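Which chain is which? The protein sequence lines are A and B, in order. Numbers given in our numbering equal positions in the first sequence, counted from 1, plus 138. Numbers given in our numbering equal positions in the second sequence, counted from 1, plus 423. Here a beta-carbon is modelled for each residue, glycine too, at the ideal position from N, C-alpha and C. Please read these numbers as outputs of a predicted model, since none were measured by experiment. Only one structure is covered here, and it is reproduced in the block below.
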Amino acid sequence: GAVVSQHPSRVICKSGTSVKIECRSLDFQATTMFWYRQFPKQSLMLMATSNEGSKATYEQGVEKDKFLINHASLTLSTLTVTSAHPEDSSFYICSARGTSWDTQYFGPGTRLTVL
Amino acid sequence: GQQVMQIPQYQHVQEGEDFTTYCNSSTTLSNIQWYKQRPGGHPVFLIQLVKSGEVKKQKRLTFQFGEAKKNSSLHITATQTTDVGTYFCAGGDTGNQFYFGTGTSLTVIP
């Protein structure tokens, strides 16, 4: 099956710093990648949809200047949380979808803790 | 915006009992997917339903898509401890974006 990786799996940072999370599709080309955020015991909330080579589409209420998304190649998308604050602490999960099918394959997630 | 609700939020069952979670969308869906997330893990794709009234089975799991394509259900027969986790539905819109339901957390008591 398709494999999606995320790096890092866990990060702790100080308030005010920026954190970059990478999402890679390892064995398929992903024209579309999705970024989700999940708070404890809550559902996954779609943050943005990222298409290779174009600007990401952000969901209502998600600040595009705070959550920078880059999808420069068919196998890599990055999410940068700029000037992170404690309320940004969450589990961030990416998913990727190939060109010819609708199923999303999820990465293992990145747990961000902002002190 | 699109809202996808699931009930119940939590369910505790004795091992061997059946379990059902219901998913309701505020808008008509193009398709629906179901995922299972184990504690500490990431969502794992279970199935996708596309057709109105569609029913699919995977061993002890039965998935249904409503006639109006606004609701869906997942039924597990004779639960086992390995069924523990949170089950999410995700409704797909015409743009092929998926919006996750609120999830149902299943606890199976041995």
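request  = Please determine if the stretch 507–525 of chain B and the stretch 184–195 of chain A are in contact, where contact requires at least 3 C-beta pairs separated by less than 8 Å.
outcome  = yes
task = Would you mind sorting residue 511 of chain B into buried or exposed? The rule is 16 or more other CB atoms within 10 Å of its CB.
result = buried
query = Who pairs with residue 177 of chain A in a beta bridge, going by DSSP?
reply = Bridge partners of residue 177 of chain A: none, in fact.
message = Mapping the DSSP letters down to three states, classify residue 160 of chain A as helix, strand or coil.
response = strand
inquiry  = What would DSSP say about residue 505 of chain B, mapped onto helix, strand or coil?
reply    = helix
inquiry  = So residue 462 of chain B contacts chain A; which residues on that side make the cut at Cβ distance below 8 Å?
reply    = Within 8 Å Cβ-Cβ: nothing; residue 462 of chain B doesn't reach chain A, min ~10 Å.
inquiry  = Buried or exposed, going by whether 16 or more other CB atoms sit within 10 Å of the CB of residue 209 of chain A?
reply    = buried
message = If the criterion is Cβ atoms closer than 8 Å, does the pair residue 495 of chain B and residue 472 of chain B meet it?
response = yes
Contact list for the stretch 157–184 of chain A against chain B, Cβ threshold 7 Å = 181, 182, 184
request  = State the Cα-Cα distance for the pair residue 196 of chain A and residue 180 of chain A, rounded to the nearest angstrom.
outcome  = 20 Å
query = With C-beta atoms as the reference, is residue 159 of chain A less than 8 Å away from residue 216 of chain A?
reply = yes
request  = Please list, in chain order, all residues of the same chain as residue 490 of chain B whose beta carbon is under 6 Å from its beta carbon, the five residues on each side excluded.
outcome  = 475, 476
key: Contacting residues, own chain, Cβ-Cβ under 6 Å from residue 214 of chain A (five flanking each side not counted)   = 162
inquiry  = Could you check whether residue 438 of chain B and residue 517 of chain B sit closer than 8 Å to each other, using their CB atoms as the reference points?
reply    = no
ask   = Nearest to residue 446 of chain B by CA position, among B/463, B/458, B/531, B/440, is which residue?
value = B/458
query = Is the distance from the Cβ of residue 514 of chain B to the Cβ of residue 452 of chain B below 8 Å?
reply = yes
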